[in-house]
Amino acid sequence: MPKLTTFFDDRVPMITFDSGWIPTISTQDDAAGYYWDGTFTSTPTDNATAQLTFTGTSVWVYGSKRVNHGTFTVEIDGTGATTVNGYSPMSQWQQLLYSNSGLSQGQHTIVITNTGNVSTGSWLDFDMIKFETTVGDDSGSWLTSVIQDTDSAFVYSGSWNGDAEPSNAAFFSQGSGHTTTETNDQVTLTFTVGDVIDLYGTVGPSNGQYSVQLDGGSIQHFNATKPLPQYQMVIYHESNLGSGNHQLVVTNMDPMELSIDYAEVKTASTSSGEFGLCKTSLTPGIAAGLAILAFTTLVGLLSGAYFFRRWRKEEVDAYRNAAKPFDLMPAPHKIFPYDPYEPHSAAITSGHYSDIPSLSYNANESNSHSEPRPSFAQTHSGPASPPWSGGQQNMYSAPTYVATSEVATAGGSQYGGRRDDLAGADDQSAADAPLLPLAPNRRADSGPSGSQGQAQRKQSGFAEQARRAVTTARKMSLVRVGPPPDYNYTQ
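Residue numbers for the sequence shown follow full-length UniProt numbering, beginning at 1 and rising by one.
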């Protein structure tokens with residue numbers, strides 16, 4: 001079984017100090033913070049003693065070496081006193097003052113006695129003690145079980161406050177503890193299979209004396225009175241209990257507080273991994289049942305994993321194959337073979353009712369939204385052929401332009417009527433005159449009469465229908481029909 005190392009601070013009740021010792025805290029010595037857990041117990045008195053009974057094979061004593069310290073002796077089991085010098089010109093804390101690793105496994109008592117020194121000083125500071133115990137061989141391990149004060153393993157007799165938590169319950173393990181101030185109140189802890197028992201409680205100025213009896217043996221007395229309250233402190237420790245049932249009885253000896261927090265039971269294993277009384281082997285029937293259970297569990301896990309993966313694959317496939325109503329054809333694709341925003345050139349051919357020469361138009365020649373009106377020499381008439389029409393004339397026709405010099409008397413009209421006899425004029429003033437488009441939707445009685453007026457009115461109706469169609473298409477933002485927007489049919 002393994003080795004167990006136990007640390008005891010100077011405040012644990014199992015270490016007994018006689019009247020010559022002074023519990024010291026930070027308010028009494030500025031150097032207290034350098035000691036283990038911030039406390040130590042010191043004495044300037046010659047022959048003052050400190051004593052501890054423990055079970056183990058090794059022990060170590062820690063304290064400080066300071067300029068006002070002298071000598072002391074350490075004695076184990078009443079024999080072999082060793083003298084130790086605690087003087088140092090420079091203060092040193094948590095120093096190893098004494099050690100002994102050659103003890104036989106069993107119970108031992110260590111006694112520390114202050115002897116002082118006239119030339120240096122007479123102080124002795126005790127900080128902590130450590131001891132080691134071995135149960136069986138060294139190849140095993142420890143199993144620790146924690147028993148809370150509310151567990152049924154604790155049986156309280158007397159006036160314990162089990163139903164009401166103490167006012168300082170927050171400092172107890174898991175926020176619960178049992179406290180009594182009545183003399184002779186008892187608590188009994190019963191546990192099975194354990195080699196080491198540690199009972200935890202509180203120490204402080206309101207705590208008093210109590211007694212402990214283990215398995216009906218001798219009664220031991222301890223004192224929990226300390227200058228400051230300390231919680232979750234070991235108030236009893238014993239090892240090498242052996243296997244079997246154990247019973248621990250704690251009795252309050254004073255009309256002062258006795259507080260119980262929890263207990264730790266440590267059980268050591270053998271080199272084969274056995275703990276305590278658990279040494280029986282499994283019967284063939286139980287072993288077979290466990291094997292079948294393990295096989296069934298494995299098959300169930302594998303089957304579950306297989307069906308889960310299959311279900312997951314179906315879910316993923318269903319998601320990937322789901323209909324996507326807005327993804328009608330694979331990208332990239334084009335709805336229209338012609339990009340209406342792509343720069344292009346188009347030639348406007350001559351119309352079917354005018355002898356004015358045709359005009360070439362390039363959409364890239366100007367960045368303005370409307371093309372400048374051409375001179376009279378560049379006038380044109382007749383329907384225009386959009387670049388996507390393949391040169392075929394249709395209803396989307398360019399307007400007919402006339403010179404402003406002609407808009408006066410031609411046909412008696414002021415809406416853009418023109419005289420055919422001026423079509424070939426080479427007069428420079430007429431050629432430089434601005435052009436005006438024929439007005440759309442002209443009333444029947446406002447234009448030229450005869451077949452020529454009827455043709456012009458029909459052509460104007462076609463132009464108005466084309467203009468409305470283009471406007472509607474542009475508002476719907478579907479596709480631009482006709483030439484780029486910088487060429488205006490209507491002015």
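Backbone N, C-alpha and C fix where the C-beta goes; we use that ideal spot for every residue, glycine too. Please read these numbers as outputs of a predicted model, since none were measured by experiment.
Got a sec? Which residues, its chain only, sit under 6 Å from residue i by beta carbon, not counting five neighbours each side?
{"i": "Gly56", "result": "Phe131, Glu132 and Thr133"}
{"i": "Leu258", "result": "Thr180, Tyr210 and Asn252"}
{"i": "Val212", "result": "Gln220, Tyr236 and Val250"}
{"i": "Glu75", "result": "Ala81 and Val111"}
{"i": "Gln107", "result": "Thr55"}
{"i": "Asn117", "result": "Gly70 and Thr71"}
Note down, in chain order, each residue of its chain lying with its Cβ closer than 8 Å to the Cβ of residue i, except the 5 sequence neighbours on either side.
{"i": "Pro255", "result": "Thr181, Glu182, Thr183 and Gly208"}
{"i": "Gln230", "result": "Arg11, Thr202, Val203 and Gly204"}
{"i": "Thr472", "result": "none"}
{"i": "Pro89", "result": "Val67"}
{"i": "Glu238", "result": "Thr55, Val196, Ile197 and Leu214"}
{"i": "Trp311", "result": "none"}
I need the DSSP call for residue i, collapsed to helix, strand or coil.
{"i": "Tyr262", "result": "strand"}
{"i": "Asp9", "result": "strand"}
{"i": "Phe308", "result": "helix"}
{"i": "Val61", "result": "strand"}
{"i": "Val193", "result": "coil"}
{"i": "Ser119", "result": "coil"}
{"i": "residue 492", "result": "Any question about residue 492 goes unanswered here, given that the chain covers just 1 to 491."}
{"i": "Thr181", "result": "coil"}
{"i": "Ile15", "result": "coil"}
{"i": "Asp25", "result": "For the sequence presented, residue 25 should be read as Ile rather than Asp. Here Ile25 sits in coil by DSSP."}
Within this structure, are the beta carbons of residue i and residue j separated by less than 8 Å?
{"i": "Val67", "j": "Ser91", "result": "yes"}
{"i": "Val155", "j": "Tyr98", "result": "no"}
{"i": "Gly63", "j": "Asp127", "result": "yes"}
{"i": "Val250", "j": "Val187", "result": "yes"}
{"i": "Gly70", "j": "Thr115", "result": "yes"}
{"i": "Ile197", "j": "Leu241", "result": "yes"}
{"i": "Asn245", "j": "Thr297", "result": "no"}
{"i": "Ser176", "j": "Gln148", "result": "yes"}
{"i": "Leu52", "j": "Ile129", "result": "yes"}
{"i": "Tyr35", "j": "Trp123", "result": "no"}
{"i": "Asp77", "j": "Asp37", "result": "no"}
{"i": "Gly20", "j": "Thr45", "result": "yes"}
{"i": "Ala170", "j": "Pro2", "result": "no"}
Kindly list the residues whose CB is nearer than 7 Å to the CB of residue i, restricted to its own chain and excluding five residues on each side of it in sequence; keep chain order.
{"i": "Thr49", "result": "Asp18, Val111, Ile112 and Thr113"}
{"i": "Pro146", "result": "Correcting the residue type first, residue 146 is Val in the shown sequence and not Pro. Closer than 7 Å at the Cβ level, and outside the excluded window around Val146, lie Tyr262 and Glu264."}
{"i": "Thr83", "result": "Thr71 and Thr73"}
{"i": "Arg468", "result": "none"}
{"i": "Gln174", "result": "Gln148"}
Decide if residue i is buried, meaning its Cβ has at least 16 other Cβ atoms within 10 Å, or exposed.
{"i": "Asp125", "result": "buried"}
{"i": "Ser281", "result": "Residue placement at Ser281 cannot be trusted, given a pLDDT of 42 that sits under 50; what the coordinates show is reported in the next sentence. Per the 10 Å Cβ criterion, exposed."}
{"i": "Trp160", "result": "buried"}
{"i": "Phe172", "result": "buried"}
{"i": "Asp151", "result": "exposed"}
{"i": "Thr144", "result": "exposed"}
Hey, is residue i close to the ligand ADP, as in C-beta under 7 Å from one of its heavy atoms?
{"i": "Ala31", "result": "Annotation note on the ligand ADP: not contained in the displayed structure, which lists no ligands."}
Establish whether the CB of residue i and some CB of chain D are separated by less than 8 Å.
{"i": "Asp127", "result": "Checking the listed chains, one finds no chain D in this structure; it contains a single protein chain."}
query: What beta strand (DSSP E) runs, 3 residues minimum, are completely inside the region 121-156?
result: 124-134 and 142-148
Whole runs of the beta strand (DSSP E) within the region 38-116, excluding any shorter than 3 residues: 40-43, 49-56, 58-65, 71-76, 79-85, 92-100 and 106-114
- request: Could I get the ranges of all uninterrupted beta strand (DSSP E) runs contained in the region 199-268, with 3 residues as the minimum, in chain order?
  value: 209-214, 219-223, 230-239, 245-252 and 258-268
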